[in-house]
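Asker: The following block contains the structure, expressed as structure tokens.
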Amino acid sequence: MTDLVFPVAPARPRQGTFTRLVRIELLKLTSTRLGYGLLAASAGLTALWTTLEASRAGKPNGPAPLSTLAGQTSVITGGAWGLILAAVLGVTLSSGEFRHHTATLTYLATPARGRVLAAKMVTALFAGALFGLAGYAITLADGLAFTAASGDRLVVGAATLTDWGFGHLVSAALLAAMGVVAGTLVRSQLAAVVGIFVWTIIIESLIGGLFSSARPYLPYTAATALAGAPLGSANFGPSRGVTGVAALPFAAATAYLAAIALAGALIAARTAVRRDIT
Amino acid sequence: MATIQIRGLVKRFGPVTAVDSLSFDVTPGTVTGFLGPNGAGKTTTLRILLGLVTAGAGTATIGGRSYRDLAEPLHQVGAVLEAAGFHPGRTARAQLRIQALAAAADPSRIEDVLDLAGLTDAADRRIGGFSLGMRQRLGLAAALLADPEVLILDEPANGLDPEGVRWLRGLLRGFAAEGGTVLVSSHLLAEVAQTVDSVVIVDRGRLVAAGPVAELTAGGAGLEDAFFQLTKEGTR
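If you read the sequences in order, they're chains S and G.
According to my numbering, the stretch in the first sequence is residues 1 to 278, in order.
According to my numbering, the stretch in the second sequence is residues 1001 to 1236, in order.
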């Protein structure tokens, strides 16, 4: 008679549910002052910029008058460039682990490093969305206040205002997720943050200025356009405000930016994430 | 209880062989000292054991599984590797809340380990203001949070004052007495001699000696003399 032997399945690593990993990342984010500081900086810069734009509206070299659609658009979406700080927040979520040597504790708790990266990206989506909403609330309030104060009528429709709000939310969320990828690939927080600013302020402005047809596909430009800013209006230098090229439609821009974030995450998961933690 | 098993471990960083065909065991119920000069490969071995560094060859297992395959690693292994491995802007209590969530540990354990580490009064201070010794205590508190079966500690006595060293000694002895497995690397040979049951001595990535302290010092030499003799022989 043959003994029946039932193979024992090896214990499957659980290492925490994904929800738990996201909660851990949210707790990390909210337990230091950096995230709040970046949010305050983003809100402050947005308020300052929007106020300056609104006070210059209708004046020589300033935006169009607040009585016009162009003027109101310029003011209400003018703070979209402040969404760069959402990307910076994303960078700090990932590169901060290496700056403060906390990656050791993180990977001891969750050896499945790809899941940690995914949890950081989801956390960045939430936090970035908050940056976008806060920024839009400020620009909208500022724009409405200046429009009312100048005695002008709001010419932007409610549906458009809602789209811009949703666009701020989505674009800031996706920029933050891209920031996580950048911080993971580079590891050096300073280099990654500098890289974000160099890319958005210099490289995209140069490429957009030289090849206007490429402008809708430049990630930061596409993100600001998603937030309602006319294509290139949030750029700096030669490509600022260049017209004649249409931005990607909302869904296409969202899918495009999400695809960039996802592709970056896959590259990071296959390369940087696997590196030794020494 | 879990045995640590290292078999044929090899790790190279470019032209440098940090760990060279290393094999040894650490059994439950004992405190094992992991000794060697600077650059001997101790930290690299511990990091391979903990899944942080990938070995070129060989295996490092805890209870028969690699660290990355442990179902709930923090419940099985508590580790302290770097005193600086905390965000300086976070409070000790917040750090332990994160660790407790990561380990799915009972949050009430946070107060227990803070008390155990003597950090209750400093729990709501930012870690950036902690001394090295306080960070070590916090690291140990975090390692003990999920009541693990194995402790892996890299230079845990660094920065501890004499009272802290004594506290650590009692902690490790008590942990092993309850059947736990302890592997502790240290440069403080006099302290190690008072704490450990066995030692594993490595030099230039290779095993030089392994066994009970009593055997190594059977000739009448102290652990320090035995260590220097063994590592000197290794360099010849």
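Each residue gets a CB set at the ideal place from its N, CA and C atoms; glycine is no exception.
Computed from a predicted model, the values in this text were never measured in an experiment.
1) Could you tell me whether any Cβ in chain G is nearer than 8 Å to the Cβ of S:R12?
2) In terms of DSSP beta bridges, what is G:G1211 paired with?
3) Going along chain G, which residues have a C-beta under 8 Å from S:A109?
4) Please report the straight-line C-alpha distance between S:G228 and S:H168, rounded to a whole angstrom.
5) Take every Cβ of the stretch 24 to 34 of chain S, pair it with every Cβ of the stretch 122 to 129 of chain S, and state whether three or more of those distances are shorter than 8 Å.
6) Give the straight-line distance between the Cα atoms of G:D1203 and S:R275, rounded to the nearest whole angstrom.
7) Note down, one range per segment and in chain order, each beta strand (DSSP E) of at least 3 residues found wholly within the stretch 1048 to 1114 of chain G.
8) Given a threshold of 16 other Cβ atoms within 10 Å of its Cβ, counted over all protein chains shown, does S:V194 qualify as buried or as exposed?
9) Just to confirm before moving on: does the CB-CB distance between G:A1146 and G:L1074 stay below 8 Å?
10) What does DSSP give as the partner residues of G:Q1194 in its beta bridges?
11) May I ask you to check if the CB of S:P63 is nearer than 7 Å to at least one heavy atom of the ligand FAD?
12) Using a Cβ-Cβ cut-off of less than 9 Å, list which residues of the stretch 1025 to 1040 of chain G approach chain S; keep chain order.
13) I'd like to know if G:P1156 contacts chain S, where contact means its C-beta is closer than 8 Å to some C-beta of that chain.
14) Counting only beta-carbon atoms, is S:R20 nearer than 8 Å to chain G?
15) Are G:G1133 and G:G1159 touching if we call contact CB-CB under 8 Å?
16) Straight-line CA distance for S:P7 to G:G1174?
17) Under DSSP, the beta strand (DSSP E) around G:S1154 begins and ends at which residues?
18) Since G:V1019 sits in a beta bridge, which residues does DSSP pair it with?
19) Taking Cβ-Cβ distances below 7 Å as the criterion, which residues of the stretch 254 to 276 of chain S are in contact with chain G?
20) Within 10 angstroms of the Cβ of G:K1232, are there 16 or more other Cβ atoms? Answer buried if so, exposed if not.
21) Step through the CB atoms of chain G and report whether any lies within less than 8 Å of the CB of S:T278.
22) With a threshold of 16 other CB atoms inside 10 Å of the CB of G:P1015, please say whether the residue is buried or exposed.
23) Which partner residues of G:T1181 appear in the DSSP bridge assignment?
24) For G:R1090, return the contacting residues in chain S, with the cut-off set at a CB-CB distance below 7 Å.
25) Indicate whether at least one CB of chain G lies closer than 8 Å to the CB of S:P7.
26) Kindly indicate the opening and closing residues of the alpha helix (DSSP H) around S:T51.
27) Can you find a C-beta in chain S that's less than 8 Å from the C-beta of G:V1010?
28) Using a beta-carbon distance below 8 Å, is G:F1175 in contact with chain S?
29) Should S:Y107 be labelled buried (16 or more other beta-carbon atoms within 10 Å of its own) or exposed?
30) Would you please verify whether the beta carbon of S:R23 is less than 8 Å from any beta carbon of chain B?
31) In chain S, which residues lie with their C-beta within 7 Å of the C-beta of G:T1054?
32) Would you say S:K120 lies against chain G (beta-carbon separation less than 8 Å)?
33) Return the first residue and the last residue of the alpha helix (DSSP H) that S:T147 is part of.
34) Considering Cα atoms alone, identify which of G:L1081, G:L1070, G:A1141 is closest to G:L1096.
35) Excluding five sequence neighbours on each side, which residues of the same chain lie with their C-beta closer than 8 Å to the C-beta of S:T271?
36) At a CB-CB cut-off below 7 Å, which residues of chain G make contact with S:L69?
Answerer: Looking at the coordinates:
1) Your numbering for residue 12 of chain S matches position 12 in the first sequence. Because S:R12 sits at a pLDDT of 45, beneath the cut-off of 50, its placement in the model cannot be relied upon, and the following sentence gives the value as read from the coordinates. So, interface residue.
2) Residue 1211 of chain G sits at position 211 when you count from the first residue of the second sequence. DSSP output for G:G1211 lists G:V1199 as bridge partner(s).
3) If you number the first sequence from 1, residue 109 of chain S lands on position 109. Within chain G, the residues near S:A109 are P1073, L1074, Q1099, A1102, A1103.
4) The sequence position of residue 228 of chain S within the first sequence is 228, counting from 1. The sequence position of residue 168 of chain S within the first sequence is 168, counting from 1. Answer to the nearest angstrom: the Cα atoms are 8 Å apart.
5) yes
6) Residue numbering aside, residue 1203 of chain G sits at position 203 when the second sequence is read from its first letter. Residue numbering aside, residue 275 of chain S sits at position 275 when the first sequence is read from its first letter. Going by the C-alpha atoms only, they are around 25 Å apart.
7) 1057 to 1062, 1077 to 1080
8) Here residue 194 of chain S refers to the residue found at position 194 when the first sequence is read from its first residue. Classification of S:V194: exposed, given that the 10 Å Cβ count is below 16.
9) Along the second sequence, read from residue 1 onward, the residue named residue 1146 of chain G stands at position 146. Along the second sequence, read from residue 1 onward, the residue named residue 1074 of chain G stands at position 74. Yes, Cβ-Cβ distance for G:A1146 and G:L1074 is below 8 Å.
10) As a working mapping, residue 1194 of chain G is identified with position 194 in the second sequence. G:Q1194 pairs with nothing; no bridge assigned.
11) Annotation note on the ligand FAD: not contained in the displayed structure, which lists no ligands.
12) none
13) If you number the second sequence from 1, residue 1156 of chain G lands on position 156. Judged by the 8 Å Cβ criterion, G:P1156 is not in contact with chain S.
14) Taking the first residue of the first sequence as 1, we reach residue 20 of chain S at position 20. True, the Cβ-Cβ gap to chain G drops below 8 Å.
15) On the second sequence, residue 1133 of chain G is found 133 positions in, with the first residue counted as 1. On the second sequence, residue 1159 of chain G is found 159 positions in, with the first residue counted as 1. Yes, they are a contact pair.
16) Within the first sequence, the letter at position 7 stands for residue 7 of chain S. Within the second sequence, the letter at position 174 stands for residue 1174 of chain G. Low local confidence applies: a pLDDT of 39 at S:P7 is under 50, so the model's placement there is unreliable, with the coordinate-based value given in what follows. Cα-Cα distance, rounded: 38 Å.
17) For the purposes of this step, residue 1154 of chain G is taken as residue 154 along the second sequence, with counting starting at 1. The displayed chain sequence assigns Asp, not Ser, to residue 1154 of chain G. Unbroken beta strand (DSSP E) run through G:D1154: 1150 to 1154.
18) As a position in the second sequence, residue 1019 of chain G is number 19, starting the count at 1. The partner list for G:V1019 (beta bridge, DSSP) reads G:K1011.
19) D276
20) The sequence position of residue 1232 of chain G within the second sequence is 232, counting from 1. Its Cβ having fewer than 16 others within 10 Å, G:K1232 is exposed.
21) Translated into positions along the first sequence, residue 278 of chain S becomes position 278. Chain G contact via Cβ: present.
22) Translated into the one-based positions of the second sequence, residue 1015 of chain G becomes position 15. It counts as exposed.
23) Within the second sequence, numbered from 1, the residue matching residue 1181 of chain G stands at position 181. Note: G:T1181 sits in a beta bridge opposite G:V1150.
24) Position 90 of the second sequence, counting from 1, holds the residue named residue 1090 of chain G. Going along chain S in sequence order, the residues near G:R1090 (Cβ under 7 Å) are S31, T32.
25) Position 7 of the first sequence, counting from 1, holds the residue named residue 7 of chain S. With a pLDDT of 39 at S:P7, under the threshold of 50, the modelled position of that residue is not reliable, and the figure given next carries that caveat. S:P7 does not count as touching chain G.
26) Walking along the first sequence from the start, residue 51 of chain S turns up at place 51. Where S:T51 is concerned, the enclosing alpha helix (DSSP H) stretches over 34 to 56.
27) For the purposes of this step, residue 1010 of chain G is taken as the residue at position 10 of the second sequence. It does not: the Cβ of G:V1010 has no partner Cβ on chain S nearer than 8 Å.
28) The sequence position of residue 1175 of chain G within the second sequence is 175, counting from 1. No, because no Cβ of chain S sits closer than 8 Å to the Cβ of G:F1175.
29) As a working mapping, residue 107 of chain S is identified with position 107 in the first sequence. With 16 or more other Cβ atoms within 10 Å, it is buried.
30) Considering every chain present, this structure includes no chain B. Its protein chains are S and G.
31) Counting from one through the second sequence, the residue named residue 1054 of chain G turns up at place 54. Within chain S, the residues near G:T1054 are D276.
32) Residue 120 of chain S sits at position 120 when you count from the first residue of the first sequence. Not an interface residue.
33) In the first sequence, counting from the first residue as 1, residue 147 of chain S sits at position 147. Note, S:T147: alpha helix (DSSP H), 113 to 149.
34) Taking the second sequence and counting its residues from 1, the one referred to as residue 1096 of chain G is at position 96. The shortest C-alpha separation from G:L1096 is found at G:A1141.
35) Taking the first sequence and counting its residues from 1, one reaches residue 271 of chain S at position 271. Once the five neighbours on either side are set aside, the close Cβ partners of S:T271 are L185.
36) To locate residue 69 of chain S, count along the first sequence from 1; it is residue 69. Correct list: empty, because the minimum Cβ distance to chain G is about 45 Å.
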